[in-house]
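Below is one structure, written out as structure tokens, with a few remarks after it.
Protein chains: 2
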Amino acid sequence: MQKEQLFATLSEALAANDKRAVRAELEQMHAADFALAVNEFNAPLAAKLLDLLSLPDHAEVFPYLVPQMQADIAAQMPRNELAALFSQMESDERADLFNQLSKEQQQSLLPGLAQAEREDVRRLASYPEKTAGAQMSSDYATLRSHWTVRKALQRLRLEAPDKETIYQTYVIDGDRHLVGTISLRELILSNPESLVADIMLTEVVFVRVDEDQEDVAEKIRHYDLLALPVLDSAERLVGIVTYDDAMDAVVEEATEDAHKSASVAALEAPMATVSSWELYRKRVGWLVLLVFGALLSGAGIAHFEEIIESNVALVFFMPLLVGAGGNAGSQSAALMVRALATGEVEMKDWVKVLGREIFVAGALGLTMAFAVFGLGLFRGGPDIAITVAAAMVCVVLAGSLIGLCLPFILSRINMDPATASGPLVTTIVDAIGVVIYLGFATVVLGLTL
Amino acid sequence: MQKEQLFATLSEALAANDKRAVRAELEQMHAADFALAVNEFNAPLAAKLLDLLSLPDHAEVFPYLVPQMQADIAAQMPRNELAALFSQMESDERADLFNQLSKEQQQSLLPGLAQAEREDVRRLASYPEKTAGAQMSSDYATLRSHWTVRKALQRLRLEAPDKETIYQTYVIDGDRHLVGTISLRELILSNPESLVADIMLTEVVFVRVDEDQEDVAEKIRHYDLLALPVLDSAERLVGIVTYDDAMDAVVEEATEDAHKSASVAALEAPMATVSSWELYRKRVGWLVLLVFGALLSGAGIAHFEEIIESNVALVFFMPLLVGAGGNAGSQSAALMVRALATGEVEMKDWVKVLGREIFVAGALGLTMAFAVFGLGLFRGGPDIAITVAAAMVCVVLAGSLIGLCLPFILSRINMDPATASGPLVTTIVDAIGVVIYLGFATVVLGLTL
Chain A
27 MQKEQLFATL
37 SEALAANDKR
47 AVRAELEQMH
57 AADFALAVNE
67 FNAPLAAKLL
77 DLLSLPDHAE
87 VFPYLVPQMQ
97 ADIAAQMPRN
107 ELAALFSQME
117 SDERADLFNQ
127 LSKEQQQSLL
137 PGLAQAERED
147 VRRLASYPEK
157 TAGAQMSSDY
167 ATLRSHWTVR
177 KALQRLRLEA
187 PDKETIYQTY
197 VIDGDRHLVG
207 TISLRELILS
217 NPESLVADIM
227 LTEVVFVRVD
237 EDQEDVAEKI
247 RHYDLLALPV
257 LDSAERLVGI
267 VTYDDAMDAV
277 VEEATEDAHK
287 SASVAALEAP
297 MATVSSWELY
307 RKRVGWLVLL
317 VFGALLSGAG
327 IAHFEEIIES
337 NVALVFFMPL
347 LVGAGGNAGS
357 QSAALMVRAL
367 ATGEVEMKDW
377 VKVLGREIFV
387 AGALGLTMAF
397 AVFGLGLFRG
407 GPDIAITVAA
417 AMVCVVLAGS
427 LIGLCLPFIL
437 SRINMDPATA
447 SGPLVTTIVD
457 AIGVVIYLGF
467 ATVVLGLTL
Chain B
27 MQKEQLFATL
37 SEALAANDKR
47 AVRAELEQMH
57 AADFALAVNE
67 FNAPLAAKLL
77 DLLSLPDHAE
87 VFPYLVPQMQ
97 ADIAAQMPRN
107 ELAALFSQME
117 SDERADLFNQ
127 LSKEQQQSLL
137 PGLAQAERED
147 VRRLASYPEK
157 TAGAQMSSDY
167 ATLRSHWTVR
177 KALQRLRLEA
187 PDKETIYQTY
197 VIDGDRHLVG
207 TISLRELILS
217 NPESLVADIM
227 LTEVVFVRVD
237 EDQEDVAEKI
247 RHYDLLALPV
257 LDSAERLVGI
267 VTYDDAMDAV
277 VEEATEDAHK
287 SASVAALEAP
297 MATVSSWELY
307 RKRVGWLVLL
317 VFGALLSGAG
327 IAHFEEIIES
337 NVALVFFMPL
347 LVGAGGNAGS
357 QSAALMVRAL
367 ATGEVEMKDW
377 VKVLGREIFV
387 AGALGLTMAF
397 AVFGLGLFRG
407 GPDIAITVAA
417 AMVCVVLAGS
427 LIGLCLPFIL
437 SRINMDPATA
447 SGPLVTTIVD
457 AIGVVIYLGF
467 ATVVLGLTL
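Dropping the structure here:
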């Protein structure tokens with residue numbers, strides 16, 4: 027069913043306070059789709075609507091709501107209801123919600139939780155955003171190495187309802203050190219009397235609590251994992267990150283990089299849901315900075331003012347030249363930013379990619395020079411044609427090399443390479459392009475400053 | 027171990043033809059990491075190296091190699107060895123490799139395969155690239171609705187070694203129509219005497235064979251699925267796409283969009299592995315096109331040539347103004363392209379986002395106008411200041427709106443919105459910016475053409 031249609035149905039049911047109708051809708055669909063329609067209500071109505079569901083159903087839909095909506099609804103819930111909802115939620119989602127609440131709400135909520143839950147929420151909510159710790163769940167299944175497969179399977183059966191996954195399990199020793207991993211598939215295929223120690227994999231891929239969520243996702247993807255165990259600094263198992271959270275992180279990071287590549291700072295929430303003020307704030311910084319960067323181009327032009335005055339035809343070709351340089355630079359920057367983000371290219375590869383780039387950019391520059399030479403001949407005569415063509419080769423080459431090097435330089439000084447955005451590259455290359463072009467013109471046209 | 031270190035160790039072992047050493051290395055690590063080092067060899071040496079492994083080990087490493095390497099190695103393998111490797115590979119990976127082979131290689135390979143395999147390869151390899159059909163695996167587990175849970179579990183245990191996943195299974199009828207789905211967790215938790223029909227979920231999320239891999243990945247992510255069943259036009263179950271393939275597709279699509287956003291056409295292979303010629307080809311088209319687009323700016327400047335001649339100071343501000351417009355436009359385009367790609371914003375939402383954008387872009391334009399007004403005052407006096415400030419508001423507004431609308435327009439005419447790249451937007455906005463700026467100058471400075 028379409029979101030709009032469902033929204034209409036739910037609005038009606040809500041107006042009539044028709045519990046049965048609301049529950050019947052959810053029965054027919056995935057909670058993720060139901061949540062899409064709930065997101066369209068304002069928070070008080072959404073809260074009322076969710077109140078018509080049973081607690082387990084409420085807890086199933088709730089995590090699929092956008093974070094702002096979750097916080098708004100939670101803020102309005104009576105303390106005991108919120109506590110009940112909390113105990114039904116998965117540990118990682120619960121911790122995310124906890125972090126969305128105000129300090130007062132957090133303080134009022136904690137006493138309502140069972141002690142184990144309270145500690146779990148506090149612990150998971152304490153890790154910095156976008157780290158493995160912040161992303162992980164504490165609902166994982168553990169085994170002991172001296173158990174038989176039969177016993178392991180019995181335990182998994184008992185624990186299954188409360189665990190995020192039982193398909194990948196982790197073997198720990200008495201100090202919670204991770205000693206192995208085993209999949210449910212392997213358990214099922216093994217002799218029930220075998221020992222876990224004899225069939226477990228001992229080379230376990232893991233991450234540390236403070237690792238970046240981007241690296242977590244990359245590991246899950248590289249090794250095709252269902253879940254990745256998270257260890258603290260004392261090598262103890264403290265959580266797992268599952269593939270679905272990793273996939274969300276991949277999309278989130280790709281969005282953030284796409285925004286940065288266009289000089290938009292990282293948004294706090296999906297673009298469709300943020301306020302105008304947030305959008306303004308995230309865009310204005312770079313825009314103003316780049317205007318002052320463009321002063322360099324202006325200064326370059328001012329420096330050559332007399333030459334322009336005596337040869338106004340030169341101005342005609344300026345957008346072509348500086349544009350081409352900026353575009354070639356944007357291309358190189360985008361190729362490099364993405365290659366660094368996916369790990370295809372590493373810092374130490376920069377000499378290799380630089381060599382290829384000089385070759386490719388040279389060929390591109392020559393092609394473009396050829397294209398504008400005719401144009402220069404037609405509009406300004408041979409001198410202008412030579413000036414424009416020669417400047418084109420240099421500008422495209424300079425633009426490409428700047429676009430290529432900037433991400434490496436930013437990465438070296440521990441900034442996100444994605445900040446080497448098209449607009450930043452364009453602004454830098456524009457200034458250089460103006461100087462190259464008008465410099466060539468001075469020489470070729472035999473002009474003097 | 028680092029890739030470089032492993033490469034050195036493997037080189038030595040290969041030179042000494044030391045089977046044991048090579049196998050010992052693989053024993054200690056994940057096949058994905060082993061493959062990273064194998065990728066560094068040239069194809070004949072890589073083939074020799076893999077020959078030192080047992081067939082199952084070879085088949086485990088092989089799919090992790092980059093596609094070009096797979097094809098090169100396969101081309102050199104004796105027919106019977108390649109056929110043996112094929113039968114060990116997973117069905118989707120096998121079909122991808124098949125598509126990399128030349129027509130002659132395909133023809134020579136097919137007779138060496140068992141009939142079922144042959145048909146499976148032919149079928150999977152026949153779907154167009156980047157569709158669910160091309161991505162899917164035929165190694166999925168099916169159940170029948172009249173089976174008991176006990177029987178279902180017995181069958182899964184038997185089939186487990188050959189299936190890509192047994193954690194999500196699909197219930198089909200006699201005509202292979204999909205009637206339900208059930209997870210292994212639910213099977214394990216159910217009474218062994220229950221019927222599959224009574225515990226299966228009947229609202230199954232699925233895709234069609236011809237659906238785009240981007241939509242497949244989005245469904246897997248939205249519903250947090252382990253695997254997504256694929257149906258043909260007659261509603262028959264023909265395959266599944268697993269989450270790990272979906273995650274690869276997400277990264278692949280994000281890379282492609284990042285490249286398109288910088289006017290680089292989609293590359294056939296990872297950027298680090300493509301040839302210079304491929305890079306040149308994928309970049310030159312847009313670059314040349316955009317140079318001719320920049321002619322519009324040149325023509326705009328030519329139109330106002332006399333005004334520039336009598337007021338060369340105007341040229342100083344040109345890069346600031348057209349730059350700001352282009353940058354604001356790049357921001358809007360990137361925000362919109364990404365929102366459309368993730369499904370946050372749909373076609374029908376364009377009026378809503380347009381309203382907000384006018385507001386935000388207006389505020390941005392005013393901020394920037396304020397910034398350049400002082401500069402104009404300082405460098406050119408009040409008339410220039412007013413011209414520059416007024417033009418700035420209009421240019422930023424125009425740039426933002428073009429950046430916002432272009433992805434929608436492209437989407438409407440069935441082009442990829444990501445083609446609304448920064449360089450394209452910048453080129454269009456540059457031309458408009460020139461006309462707005464010099465037009466304002468004509469009016470404010472009381473000049474006549």
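Each protein sequence line maps, in turn, to chains A and B.
The numbering used here applies: residue 27 is where the first sequence begins, and numbers increase by one.
The numbering used here applies: residue 27 is where the second sequence begins, and numbers increase by one.
Idealized CB from N, CA, C, for every residue including glycine.
Integer Cβ distance of residue i from residue j, believed to fall under 8 Å
{"i": "residue 470/A", "j": "residue 413/A", "result": "4 Å"}
{"i": "residue 427/A", "j": "residue 387/A", "result": "7 Å"}
{"i": "residue 158/A", "j": "residue 242/A", "result": "5 Å"}
{"i": "residue 71/B", "j": "residue 112/B", "result": "That pair is no contact at about 22 Å."}
{"i": "residue 48/B", "j": "residue 78/B", "result": "5 Å"}
{"i": "residue 100/B", "j": "residue 127/B", "result": "6 Å"}
{"i": "residue 363/A", "j": "residue 283/A", "result": "7 Å"}
{"i": "residue 93/B", "j": "residue 119/B", "result": "Rounded, the Cβ-Cβ distance is 10 Å, inconsistent with contact."}
Counted within 10 angstroms of its Cβ, other Cβ atoms place residue i as buried (16 or more) or exposed
{"i": "residue 192/A", "result": "buried"}
{"i": "residue 402/B", "result": "buried"}
{"i": "residue 95/A", "result": "buried"}
{"i": "residue 435/B", "result": "exposed"}
{"i": "residue 372/A", "result": "exposed"}
{"i": "residue 441/B", "result": "exposed"}
{"i": "residue 453/B", "result": "buried"}
{"i": "residue 303/B", "result": "exposed"}
Where residue i sits in the DSSP three-state scheme
{"i": "residue 194/B", "result": "strand"}
{"i": "residue 380/B", "result": "helix"}
{"i": "residue 174/B", "result": "strand"}
{"i": "residue 104/A", "result": "coil"}
{"i": "residue 56/B", "result": "coil"}
{"i": "residue 296/B", "result": "coil"}
{"i": "residue 253/B", "result": "strand"}
{"i": "residue 324/A", "result": "helix"}
{"i": "residue 206/B", "result": "strand"}
{"i": "residue 87/A", "result": "helix"}
{"i": "residue 151/A", "result": "coil"}
{"i": "residue 200/A", "result": "coil"}
{"i": "residue 439/B", "result": "coil"}
Residues that residue i contacts on chain B, provided the C-beta gap is smaller than 7 Å
{"i": "residue 313/A", "result": "350, 353, 354, 390 and 394"}
{"i": "residue 423/A", "result": "Result: empty, since nearest Cβ-Cβ is about 13 Å, beyond 7 Å."}
Chain-ordered chain A contacts of residue i [CB-CB under 8 Å]
{"i": "residue 55/B", "result": "229"}
{"i": "residue 335/B", "result": "335 and 338"}
{"i": "residue 317/B", "result": "346, 349, 350, 394, 397 and 398"}
{"i": "residue 371/B", "result": "297 and 298"}
Neighbour list for residue i in chain B, Cβ cutoff strictly below 9 Å
{"i": "residue 75/A", "result": "Simply none; closest approach about 21 Å."}
{"i": "residue 240/A", "result": "In chain order: nothing, as chain B lies at least about 11 Å away."}
{"i": "residue 285/A", "result": "357, 360, 361 and 364"}
Contacts of residue i in chain A (Cβ-Cβ under 9 Å)
{"i": "residue 273/B", "result": "243, 246, 247, 250, 269, 272, 273 and 276"}
{"i": "residue 86/B", "result": "Under the 9 Å cutoff, chain A gives no residues; its nearest Cβ is about 11 Å from residue 86/B."}
{"i": "residue 452/B", "result": "349, 352, 353, 356, 448, 449 and 452"}
Residue i: contacting residues in chain A (beta-carbon distance under 7 Å)
{"i": "residue 342/B", "result": "324, 327 and 328"}
{"i": "residue 49/B", "result": "Near residue 49/B there are no residues of chain A at all, since even the closest Cβ is about 15 Å away, more than 7 Å."}
Where residue i meets chain B, residues with beta-carbon distance less than 8 Å
{"i": "residue 359/A", "result": "288"}
Residues that residue i contacts on chain E, provided the C-beta gap is smaller than 7 Å
{"i": "residue 280/A", "result": "This model lacks chain E altogether, as its protein chains are A and B."}
Please name the residues in the region 382-409 of chain B whose beta-carbon is closer than 8 Å to at least one beta-carbon of chain A, in chain order.
-> 382, 385, 386, 389, 390, 393, 394, 397, 398 and 401
Would you list, in chain order, the members of the region 249-268 of chain B that have their beta-carbon closer than 7 Å to a beta-carbon of chain A?
-> 249 and 250
If contact means a Cβ-Cβ distance below 7 Å, which residues of the region 288-311 of chain A contact chain B?
-> 288, 289, 290, 296, 297, 298, 302, 305, 306, 309 and 310
Which of the residues in the region 111-124 of chain B, read from start to end, lie with their CB under 7 Å from any CB of chain A?
-> none
Can you list, in chain order, the residues of the region 187-199 of chain A whose Cβ is nearer than 8 Å to any Cβ on chain B?
-> 187, 192 and 193
Give the residues from the region 211-224 of chain B that approach chain A closer than 8 Å (Cβ to any Cβ), ordered along the chain.
-> Cβ contacts with chain A: 211, 214 and 215.
Could you list the residues in the region 161-183 of chain B with a C-beta less than 9 Å from some C-beta on chain A, going in chain order?
-> Hits within the stretch, in order: 179, 182 and 183.
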